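Read through the structure below, which is laid out as structure tokens, and then see the notes.
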Amino acid sequence: MDLQQYQERYAEVLVKIGVQLKEGQTLCVEAPIEQQQFVALLAQAAYRAGCGEFGVIWHWDALDRLGLEQGLPFQNGADLAAADYYAAKGGAILYLDSPDLSAFAGIAAPQMAQRAAAIKNIRNTFRQKAPGCGLTLACLPSQPWADLVFPDVPPQQRLEALWDAVLLCARCKAPDPIVAWQEYIRFTAKRKQILDSKGYTAFHFHGGGNEATFAPAEGEKWKGGCMETESRVWSPNIPTEEIFIAPHKYRAEGKLVSSLPLNHKGGLIEGIELTLREGRIVDYRARKGQDLLEQIIETDEGSHYLGEMALVAQDSPIAGLGRVFYTTLYDENAACHVAIGDALGLIQDPERREAMGLNTSAVHVDFMIGSSQLCVEGKLPDGTWQPILQNGLWALDEMKGEPQ
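Residue 434 in my numbering sits at position 304 of the sequence shown, with consecutive numbering throughout.
Here it is, written out as structure tokens:
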């Protein structure tokens with residue numbers, strides 16, 4: 131099978147498993163302008179799935195940079211108008227990224243934050259006007275991204291190596307990728323049910339410099355693998371390997387240390403250390419990118435608390451590659467992680483969120499703490515502690531194995 135045939139499989143996975151496009155539904159794609167060839171494959175897959183209308187919002191980093199270098203505010207009013215048009219029709223949205231740390235090197239952090247917020251508003255439009263209609267994030271290989279991930283591979287072979295990794299992580303190398311994803315979603319649902327049945331009242335993370343305890347938010351259930359509504363089941367991220375829960379806003383204590391670099395809006399943050407007291411981040415530092423970390427945590431009051439606690443075993447397909455991908459979409463699926471800021475979910479009422487201990491913030495930034503040194507225990511209702519992860523691997527027998 132040649133690369134284009136595998137790319138066609140990838141496009142089908144994004145349409146059928148990612149946004150789970152329905153007959154007659156509109157699909158809006160956000161994509162780098164350099165990825166026109168793959169977007170054409172996406173359009174073919176979408177129309178085969180019964181797409182009623184296919185639209186594209188293009189991003190062109192080089193052009194954006196020219197304006198930012200002139201000190202001009204980032205403007206994307208036309209893109210927002212297009213998003214409003216497609217969302218009003220009940221469209222799904224597929225956001226495609228090609229990470230490139232060099233694209234905006236030297237541009238001031240506040241300018242980058244303003245640009246990122248403006249682009250994020252496109253997806254927010256769909257969340258507000260077409261909730262439950264499918265919103266998926268995915269990545270497309272490019273030469274700059276390949277150079278980051280595979281610096282030890284001859285330059286002319288890096289892009290091919292990255293495509294091979296992306297296709298593997300997206301289950302496109304399986305005999306039938308759609309069936310493989312359906313099995314994975316069923317298997318992840320079983321794992322979530324197992325964790326929910328334990329009724330853990332607290333969690334203890336230790337190893338790799340971490341020493342912290344959390345409690346789950348009131349009434350929270352484990353999530354991951356897919357999003358479920360009455361009308362559909364879709365995957366917000368392709369790929370995804372995490373199982374996560376919202377920690378109680380005020381019941382986190384201890385120290386957290388990052389295990390992988392964090393690419394935040396084109397800037398790199400390394401060596402993150404957070405200190406938590408009664409849930410609040412009372413001290414923070416980074417070996418590199420301290421200004422970016424400060425920008426995240428000082429966004430608002432809610433950004434001083436956590437909104438997610440996620441488990442990922444070190445034998446996940448992405449972790450098994452042993453690569454840093456320099457994008458949270460991949461790196462968070464290679465390691466346990468926590469998120470600074472908002473607790474994602476369907477509950478939006480502010481008073482109910484506060485009563486449950488769900489954090490609310492304008493930001494949601496994951497950073498990785500998992501490694502082969504990390505251990506996680508859960509506190510059972512009878513007060514005993516049960517190993518969940520031991521040295522980065524599942525300790526509960528019922529959580530082990532692969533989708534069947």
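Virtual Cβ for every residue (Gly too), placed ideally from N, Cα, C.
Keep in mind the model is a prediction, meaning the values are calculated, not measured.
From residue i to residue j, what distance separates their C-alpha atoms?
| i | j | result |
| --- | --- | --- |
| Ser327 | Trp352 | 10 Å |
| Gly236 | Arg195 | 10 Å |
| Ile375 | Glu183 | 36 Å |
| Ala492 | Ala218 | 24 Å |
| Pro261 | Pro285 | 43 Å |
| Tyr330 | Leu510 | 5 Å |
| Val363 | Gln200 | 44 Å |
| Asn206 | Ile249 | 8 Å |
| Asp539 | Ala345 | There is no way to answer for residue 539, as the model of the chain reaches only from 131 to 534. |
| Ser228 | Pro162 | 7 Å |
| Tyr215 | Trp524 | 45 Å |
| Ala243 | Asp413 | 22 Å |
| Glu371 | Val296 | 14 Å |
| Glu408 | His394 | 26 Å |
| Leu172 | Gly397 | 29 Å |
| Leu451 | Gly401 | 22 Å |
| Leu526 | Gly475 | 27 Å |
| Gln534 | Ile518 | In this predicted model, Gln534 has a pLDDT of only 43, less than 50, meaning its place in the structure is not dependable enough to derive any value. |
| Leu267 | Arg381 | 31 Å |
| Glu142 | Arg410 | 43 Å |
| Ile223 | Gly197 | 26 Å |
| Gly154 | Glu358 | 20 Å |
| Gly432 | Leu392 | 20 Å |
| Gln258 | Asp282 | 44 Å |
| Arg321 | Gly508 | 15 Å |
| Phe234 | Gln137 | 28 Å |
| Val442 | His467 | 8 Å |
| Gln444 | Lys530 | 12 Å |
| Lys595 | Leu390 | Residue coverage of the chain in this structure runs from 131 to 534, which leaves residue 595 outside it and unanswerable. |
If you follow the alpha helix (DSSP H) that residue i is part of, which residue opens it and which one closes it?
| i | result |
| --- | --- |
| Arg407 | Premise fails: Arg407 lies in the beta strand (DSSP E), Glu403 to Arg407, not in any alpha helix (DSSP H). |
| Arg482 | Pro480 to Met486 |
| Phe317 | Pro307 to Lys328 |
| Leu133 | Leu133 to Val143 |
| Gly450 | Pro447 to Gly450 |
Report buried or exposed for residue i, applying the criterion of at least 16 other Cβ atoms within 10 angstroms of its Cβ.
| i | result |
| --- | --- |
| Glu428 | exposed |
| Glu350 | buried |
| Arg245 | buried |
| Thr514 | exposed |
| Met131 | exposed |
| Ala192 | exposed |
| Val506 | buried |
| Val145 | buried |
| Gln166 | exposed |
| Arg288 | buried |
| Gln478 | exposed |
| Gln135 | exposed |
| Ala213 | buried |
| Ser501 | buried |
| Arg301 | buried |
| Ser232 | exposed |
| Asn367 | buried |
For residue i, which three-state DSSP category applies?
| i | result |
| --- | --- |
| Glu358 | strand |
| Gln442 | Sequence inspection shows Val at residue 442; the Gln mentioned does not correspond to that position. Coil, per DSSP. |
| Glu428 | coil |
| Tyr414 | strand |
| Ala332 | strand |
| Gln258 | helix |
| Ala347 | coil |
| Gly500 | coil |
| Lys353 | strand |
| Leu459 | helix |
| Glu528 | helix |
| Gly437 | strand |
| Ile147 | helix |
| Asn251 | helix |
| Cys505 | strand |
| Ala295 | helix |
| Val169 | helix |
| Leu523 | strand |
Tell me which residue opens and which closes the beta strand (DSSP E) that residue i is part of.
| i | result |
| --- | --- |
| Gly384 | Pro377 to Val387 |
| Leu474 | Here Leu474 belongs to no beta strand (DSSP E), and DSSP marks it neither H nor E. |
| Thr156 | Thr156 to Pro162 |
| Pro517 | Trp515 to Gln520 |
| Ile399 | Gly397 to Ile399 |
| Leu390 | Element bounds for Leu390: n/a, residue is neither H nor E. |
Within 9 Å (strictly less), CB to CB, does residue i reach chain D?
| i | result |
| --- | --- |
| Thr318 | In summary, chain D is missing from the structure at hand, where a single protein chain is found. |
Problem - Residue ranges of each beta strand (DSSP E) within the region 262 to 290, 3 or longer - result: Entirely contained in the region 262 to 290, the beta strand (DSSP E) runs reaching 3 residues are, in chain order, 265 to 269.
Practice task
Taking only runs that begin and end inside the region 171 to 245, name each unbroken beta strand (DSSP E) of 3 or more residues, in chain order.
Solution key: The qualifying runs are 183 to 189 and 222 to 227.
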